[in-house]
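Encoded as structure tokens, the structure appears first; notes follow it.
Residue numbers (this note's numbering), protein chains in the order written: chain A, 1 to 411; chain B, 412 to 822; chain C, 823 to 1233; chain D, 1234 to 1644.
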């Protein structure tokens, strides 16, 4: 069968789009599928057809029914000075974005914090979570099951861990309502984001529990107390993935020179806008635009962009102390990886590489660092830089001018 | 000055990275900047250097300090049958993603709903919002200002509208706390997402207010009651951008054949996982994974990915009525565009084009449709397809198998 | 039948407890029922038997199956200086409480603010709300119904208003999800809290809608978007009952003398505890203990104590400006009455009377004041006094000492 | 000094209201203070002057500046059949309320569930919490302090426990943001609600920490992550006080006979109103009116009424299984006591006694029960009865009629 033939067969409904891989290799399949879609729509998709990843790596791992690639511009912010357990140097941060002024704004923040001694960051790994929900007969049985589970946790854990050499079950917490029982498992999935591993391990554990405990059934391998890709306070309170704390102090003089405003003015914006305004709006994120920095880095480095959601539940606090500015950012749920998922695609791998490289001529990193922690820490520092810059822009009223200069395109 | 010379000057700190555009054209600037970063990091970024957009369109509009492009695979889900005011046909949905199994899952949902008569969608445009925060002397003055503002709204509105021919100020709501006053403006920004226009108009209105009303000052042109890119209930309750309602009915037989489960089983998962589980987790999104579909479409079609945050606050309800499945999705805050922002970049424009093309041989669209409404409506339908598929996967327990087959890559 | 006979008949299951009123007058019924319960439990309830209200007023209005009264101590805080549209003077606030130190603490706050010029208060009446939920066939029908309702609102309103001469329907807002439609009605119920009237009017409007609009049915006369007696952000954002703003400025010297601390110290506590701590806890109330003041006043004056819930969603902001303390309190949902409900019982009526009496020898109230607004305004001022006092106690670390002195009883 | 003289001295500002106890005994002080207030207001407060508690017990423990008592009617609901670890019998529940129809409604629910076999309840004691907030120099120091605290927890715990023989420190959880550190302590305070003890112990622990750890200071002995008397999701997720699960199954026939409706109809109301409506309203309580039952019991039995706030964050789920109704209630944060606080006042003690007495002639309680757990369990059962009744009233549309009959008083 040649390309034309298979396209005709798809059009006739004899073969399905996803079956192309049965007849052609991955690279050709992408082309054939695109041609088919071009014929269906009567349009040409030449740009989509031009991409850098290898289809052989993508199929069965990152995407199905591939027709080509989506390309976003990458802007560079930095160098950004970061001091943490795994980073110690100056880093360039790749931001994949189509929002004008964003990179310029982050860059301004990066410069300001770097000149002020850099951003101190601490990351704590609490692990990715998955919370299956089970059902037993009634509340008494739910209580009994909790006791049984506590006793049998080690066995269940072993079942979960047997599914993957890179996965450890590192804890759990049980919640009940009526006859329904949620077990929120925490997993250490090393340098992978781990949601896939976690789901496989969880299903095995669910099956095991069903086989060992009478009269229990799994309602869903995810019962939404995980909570994955929805804005949920359980993640803010318990943490999920990594908890990030980032901190910087900007001296009065640097503030004036580079951000054209004062610590008092910025702290006032932070109090009224970021704390009071967010509270009045019923927001569960108390920041200016942390989602922007996270989205830019996540798309560039191959992270799951749906995790922007939980990361947007971050907190930014700014104080003026003796006219210097003290800024803190907390991200209670940051999910990143340096292996697996999108991280191994062509541009994504290069962006990870770019971001993780210390370009300082003087600062040296420790020997045995964890590169995923490092990525998380630099991300946290970058969020802080962006938060600082936007808060300052509001305070100095040049926010609009920035948008007028960079962000505007005539519709 | 040649390329090598300018790179050296940057390395010597004599020229800044963003100043390259002063000496070279946009396309060359991207290359020079990338080479500079390669020298700084000692790495090669060939894939980043291969991209499809025209740097001349990007600089000053979508991104600064560009070094190249980030490319994600695009998978196709569909055809998806959508019936709404602006769509009436079968559409292919481009999903830019690196999460294995996602496109396959959406595709399964799309097939199921399309065979069942398609997804009915209603979109309501409430406009993008921006809420500056002002400060007056005290609560009495805040009350007075509210009265003044109501009287002068028409004048303020004119000032805002004068900033852009495509922008209308279509409403406002005032909130106060103490001496602080937030005015949440709603804007009609036509086919643009409109945040940029809105910010420019808002600043002009702020300036006008300050010039006309004694003793008021703008604290910030955005006071976080907008609420942009943070998960805030004000957007769920008041709506922001577009409010989407999507609906489908899946007959018993189709359910059994394509989703391998029953309406009762799926409805049970929906009630326990999506409503109860979300509530117990303190979630303000009651869905399974709407962020996934939205992220895939947003990145493919050039929307602002940070807006995934508010879109994730959606609701999915599933009922079993006479063994048929009734599914509803509500997205109270969907922000999309077909002009401006990332929508005019090469692959993004093609994806918009792709998604908006009716491929049905029998169904015809109306004549005068709004293509941005249409994009929003197809997005809503796609979210429903994805929600159906994942709920069904949980119910039929094949969720894990799907991940094992498609989603797995060895770290 | 004499008392003994009826008690025996109840014990034999021949007569039900609530049927006693069929044979005896209200006062005797209370006694008989108490004796019956005493026999059932083998205990004596003499204190419960001693009460001040007239059972004839209570039965069929405030309580059923009455056996007597519950008595709480009333402490007096004040005089509290309040300046508002309806209050202008010094007021004593009755606090019914069993929490030691509370009255002393409020009193301290009252003294401090009164010496500083009093509390400025503004109340805005937005009306009590009730949101029935209806169901139609699908989302299209829901949209049609919204249009129909907008056209027929005036007629529906008339139906509602016909149920009670004291009730006006003053507005509504429609929310939909799928085929379900919530209409959130706002009612002006004059000096009554109005929930009862509102429910009666709403049912009539529901019946009318069902009779006029084909294929609609009422799911529940309250669809929880009201939201009554649950902590819901819709009330914070839209307001419910009365929205209160209260404000005071405490000079440096008074602060030092009466609260033993500084404006800076209190503002720091406010920022870290009340804003940051609340946000991190996932709280939707940003205050120290507003529920305490509200509970004390509500129980004393005959308000519905379940409304403490929504009132606890209040905001307290404290700033230090030139070493003076500026404090603001916002309560977005305060539900109070001066007629109906518990307000006409003996001690409650006296407490209303007490609280509404201006005891200042110099300050004069306006002529035509609304006494329910006035009650709300004094309540708001009292919340501010209590918030100030507790924040100051934390700042000056004498919080614990206060509890040790007043709050302690040996278990 | 006689009564008239002291009143004159108060009027002259020579003696303060709270100083009356220095000259007269407690009982006389109450009278003098009331007379003083009567003279100030020109009103008579005879009903307030008639009360049942002994002023000697109140002063310095429950209330300051006492002028008398507030009396509310107590209605009886029951007998309510409760089966739990600490209850096993039929109980009458005293409801102090002024809301007509409430007791009748709860009573109807109580009858229905009791005829159906009663309410199964499980209570779990997680302890009252108090979360002081500290400040150190920066995020690094915060991390160090966490490690130090973990090592020194046993010592700190001892300091806390030394403050009261009835108090145990049973756990803690640390949260940080920037340089601020919250330690959320859990306390076992036996049969007392324990907030007072907890605050005293916490202050001692704070002082100890300050004395042992260099460069730390207490910002506030309560940092709002406790969270006390504000509606905060941390309490729903972590639990506070007691976590209650209550459950009942109502057979089809009983439902029809006593509640005039069907399981399907009630389950539909529950799904649309209680789950969907609450979610759309941004509510963090998913119930119909649990605050009503809790308020009634709390005021009657001397609990802290401000704790109604957290208790209102409860969940009610109702399903129809084979036409029988299955109802579950979860209250994640119920704070009750049987010693201390208001529980030892005259009517309150009688109400505790009343509520805790098993009136069943056949069911026997276990020997060694915990009466505070028992009170919590009966409260949980009563909430379930009230939830059932109101849900059923909506379903059967007789909600309004009930209000018209009982709840109405002419303004």
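Glycine is no exception: its CB is placed at the ideal position from the N, C-alpha and C atoms. Note that the structure is a prediction, hence the values are computed from the model and not measured.
Legend entry - Exposure label - residue 634 (chain B); buried when at least 16 CB within 10 Å: Looking up residue 634 (chain B) in the second chain gives position 223. Around the CB of residue 634 (chain B), 16 or more other CB atoms lie within 10 Å, so the residue is classed as buried.
Inset, instruction - Grab me the residues of residue 1643 (chain D)'s own chain with a C-beta within less than 7 Å of its C-beta, minus the 5 sequence neighbours each way, in chain order. - result: Looking up residue 1643 (chain D) in the fourth chain gives position 410. Confidence is the limiting factor: at residue 1643 (chain D) the pLDDT is only 39, short of 50, which leaves the residue's position unreliable, though a coordinate-based value still follows. Counting only Cβ-Cβ distances below 7 Å, and skipping sequence neighbours, we find nothing.
Legend entry - Any alpha helix (DSSP H) of 4 or more consecutive residues that is wholly inside the segment 1424-1478 of chain D: DSSP assignment within the segment 1424-1478 of chain D yields the following whole alpha helix (DSSP H) runs of 4 residues or more, N-terminal first: 1428-1445, 1466-1471.
Legend entry - Pairwise C-alpha distance: residue 308 (chain A) and residue 368 (chain A): On the first chain, position 368 is the one that residue 368 (chain A) refers to. On the first chain, position 308 is the one that residue 308 (chain A) refers to. Taking the straight line from one Cα to the other gives about 29 Å.
Legend entry - Continuous beta strand (DSSP E) stretch holding residue 750 (chain B): start and end: Position 339 of the second chain, counted from the start, is the residue given in the question as residue 750 (chain B). Per DSSP, residue 750 (chain B) belongs to no beta strand (DSSP E) and is neither H nor E.
Legend entry - Per-residue DSSP class, three states only, for residue 304 (chain A): Here the question's residue 304 (chain A) lines up with position 304 in the first chain. Residue state, collapsed to three classes: coil.
Legend entry - residue 1172 (chain C) and residue 1281 (chain D) closer than 7 Å at C-beta: Within the third chain, the letter at position 350 stands for residue 1172 (chain C). Within the fourth chain, the letter at position 48 stands for residue 1281 (chain D). For residue 1172 (chain C) and residue 1281 (chain D), yes; Cβs fall inside 7 Å.
Inset, instruction - Tell me whether the beta-carbon of residue 468 (chain B) lies closer than 7 Å to the beta-carbon of residue 658 (chain B). - result: On the second chain, residue 468 (chain B) is found 57 positions in, with the first residue counted as 1. On the second chain, residue 658 (chain B) is found 247 positions in, with the first residue counted as 1. Taking a C-beta distance under 7 Å as the contact criterion, residue 468 (chain B) and residue 658 (chain B) do not qualify as a contact pair.
Inset, instruction - Would you check if there are 3 or more beta carbon pairs closer than 8 Å linking the segment 1135-1142 of chain C to the segment 847-866 of chain C? - result: Touching, no, given that fewer than three Cβ pairs across the two stretches are closer than 8 Å.
Legend entry - Between the CA atoms of residue 544 (chain B) and residue 629 (chain B) - distance to the nearest angstrom: Your numbering for residue 629 (chain B) matches position 218 in the second chain. Your numbering for residue 544 (chain B) matches position 133 in the second chain. Computed Cα separation, rounded: 6 Å.
Legend entry - the segment 274-284 of chain A / the segment 584-597 of chain B touching (three or more Cβ pairs under 8 Å): By the Cβ rule, the segment 274-284 of chain A counts as touching the segment 584-597 of chain B, because three or more pairs are nearer than 8 Å.
Legend entry - Neighbouring residues, chain B, relative to residue 1458 (chain D) (Cβ below 8 Å): The count along the fourth chain starts at 1 and reaches residue 1458 (chain D) at position 225. Here the premise fails: no neighbours, minimum Cβ distance about 14 Å.
Inset, instruction - Tell me, please, whether the segment 489-506 of chain B touches the segment 80-92 of chain A by the rule of three or more beta-carbon pairs shorter than 8 Å. - result: Counting Cβ pairs under 8 Å, fewer than three are found: no touch.
Legend entry - Where the segment 550-570 of chain B meets chain A: residues whose CB sits under 7 Å from a CB there: Closer than 7 Å at the C-beta level to chain A, one finds no residue of the segment 550-570 of chain B.
Inset, instruction - Kindly indicate which residue of C:897, C:1016, C:1082, C:1132 has the alpha-carbon position closest to the one of residue 1153 (chain C). - result: Locating residue 1153 (chain C) in the third chain gives position 331, counting from the first residue. The shortest C-alpha separation from residue 1153 (chain C) is found at C:1132.
Inset, instruction - Report the rounded CA-to-CA distance for residue 1015 (chain C) versus residue 1520 (chain D), giving the unit in angstroms. - result: For this step, residue 1015 (chain C) is matched to residue 193 along the third chain. For this step, residue 1520 (chain D) is matched to residue 287 along the fourth chain. So the alpha carbons of these two residues sit roughly 22 Å apart.
Legend entry - Length at least 3, wholly inside the segment 911-982 of chain C: the beta strand (DSSP E) runs in chain order: The segment 911-982 of chain C contains these whole beta strand (DSSP E) runs: 941-952, 955-957.
Inset, instruction - Answer with yes or no whether the minimum CB distance from residue 864 (chain C) to chain B is below 7 Å. - result: By 1-based counting over the third chain, the position of residue 864 (chain C) is 42. It does not: the Cβ of residue 864 (chain C) has no partner Cβ on chain B nearer than 7 Å.
Legend entry - Boundaries (first-last residue) of the alpha helix (DSSP H) holding residue 597 (chain B): Residue 597 (chain B) sits at position 186 when you count from the first residue of the second chain. Where residue 597 (chain B) is concerned, there is no enclosing alpha helix (DSSP H), although the beta strand (DSSP E) it sits in stretches over 591-599.
Inset, instruction - Measure the Cβ-Cβ separation of residue 885 (chain C) and residue 1502 (chain D) and say whether it is below 7 Å. - result: Residue numbering aside, residue 885 (chain C) sits at position 63 when the third chain is read from its first letter. Residue numbering aside, residue 1502 (chain D) sits at position 269 when the fourth chain is read from its first letter. Here residue 885 (chain C) is not near residue 1502 (chain D), since their CB atoms are 7 Å or more apart.
Inset, instruction - With a cut-off of 8 Å on the beta carbons, I'd call residue 227 (chain A) and residue 201 (chain A) a contact; round off their distance for me. - result: Here residue 227 (chain A) is taken as the residue at index 227 of the first chain, counted from 1. Here residue 201 (chain A) is taken as the residue at index 201 of the first chain, counted from 1. About 18 Å; that fails the 8 Å criterion.
Legend entry - Limits of the beta strand (DSSP E) - the one that residue 1404 (chain D) falls within: The residue you call residue 1404 (chain D) lines up with position 171 of the fourth chain. Start and end: 1401-1410.
Legend entry - Short Cβ contact (7 Å threshold) for residue 770 (chain B) with residue 98 (chain A): The residue you call residue 770 (chain B) lines up with position 359 of the second chain. The residue you call residue 98 (chain A) lines up with position 98 of the first chain. Not in contact: residue 770 (chain B) and residue 98 (chain A) (Cβ atoms no closer than 7 Å).
Inset, instruction - Measuring only between beta-carbons, confirm whether residue 1147 (chain C) sits less than 7 Å from chain B. - result: Taking the first residue of the third chain as position 1, residue 1147 (chain C) is located at position 325. Chain B, which has no Cβ nearer than 7 Å to the Cβ of residue 1147 (chain C), makes this no.
Inset, instruction - Verify whether the separation of the beta carbon atoms of residue 702 (chain B) and residue 306 (chain A) is less than 7 Å. - result: Position 291 of the second chain, counted from the start, is the residue given in the question as residue 702 (chain B). Position 306 of the first chain, counted from the start, is the residue given in the question as residue 306 (chain A). A contact, by the Cβ cut-off of 7 Å.
Legend entry - Cβ of residue 1057 (chain C) within 7 Å of any chain B Cβ: Counted from its first residue, the third chain places residue 1057 (chain C) at position 235. Under the 7 Å criterion on CB atoms, residue 1057 (chain C) is classed as non-interfacial with respect to chain B.
Inset, instruction - With hydrogens ignored, establish whether the beta-carbon of residue 1378 (chain D) is closer than 6 Å to any heavy atom of the ligand MN. - result: For the ligand MN, the structure offers nothing, since it holds no ligand at all.
Legend entry - residue 1308 (chain D) burial status per 10 Å Cβ neighbour count (16 or more: buried): Taking the fourth chain and counting its residues from 1, the one referred to as residue 1308 (chain D) is at position 75. Per the 10 Å Cβ criterion, buried.
Legend entry - Stretch-stretch touch, CB-based, cutoff 8 Å, three pairs: the segment 933-948 of chain C with the segment 1554-1573 of chain D: Flag = no, the segment 933-948 of chain C and the segment 1554-1573 of chain D do not touch.
Legend entry - 8 Å contact criterion, which residue 1178 (chain C) and residue 1197 (chain C) should meet: CB distance rounded: The residue you call residue 1178 (chain C) lines up with position 356 of the third chain. The residue you call residue 1197 (chain C) lines up with position 375 of the third chain. 6 Å between Cβ atoms; contact.
Legend entry - Contacting positions in the segment 113-131 of chain A - beta carbon closer than 9 Å to chain D: Residues passing the 9 Å Cβ filter: 120, 121, 122, 124.
Inset, instruction - Assuming residue 579 (chain B) contacts residue 599 (chain B) (C-beta within less than 8 Å), just tell me the rounded distance between them. - result: The sequence position of residue 579 (chain B) within the second chain is 168, counting from 1. The sequence position of residue 599 (chain B) within the second chain is 188, counting from 1. Contact holds; Cβ gap of about 4 Å.
Inset, instruction - Report the rounded CA-to-CA distance for residue 1312 (chain D) versus residue 1042 (chain C), giving the unit in angstroms. - result: The residue given as residue 1312 (chain D) occupies position 79 in the fourth chain. The residue given as residue 1042 (chain C) occupies position 220 in the third chain. Each residue's Cα considered, the two are about 28 Å apart.
Inset, instruction - Measure the alpha-carbon distance for residue 478 (chain B) versus residue 255 (chain A) and round it to whole angstroms. - result: Sequence index remark: in the second chain, residue 478 (chain B) carries index 67 (1-based). Sequence index remark: in the first chain, residue 255 (chain A) carries index 255 (1-based). Residue 478 (chain B) and residue 255 (chain A): Cα-Cα distance of roughly 28 Å.
Legend entry - residue 1622 (chain D) versus residue 1033 (chain C) - alpha carbon distance: The residue you call residue 1622 (chain D) lines up with position 389 of the fourth chain. The residue you call residue 1033 (chain C) lines up with position 211 of the third chain. Going from the Cα of residue 1622 (chain D) to the Cα of residue 1033 (chain C) covers about 27 Å.
Inset, instruction - Check whether the Cβ atoms of residue 1613 (chain D) and residue 1526 (chain D) lie closer than 7 Å to each other. - result: Your numbering for residue 1613 (chain D) matches position 380 in the fourth chain. Your numbering for residue 1526 (chain D) matches position 293 in the fourth chain. Taking 7 Å as the Cβ cut-off, residue 1613 (chain D) and residue 1526 (chain D) do not qualify as a contacting pair.
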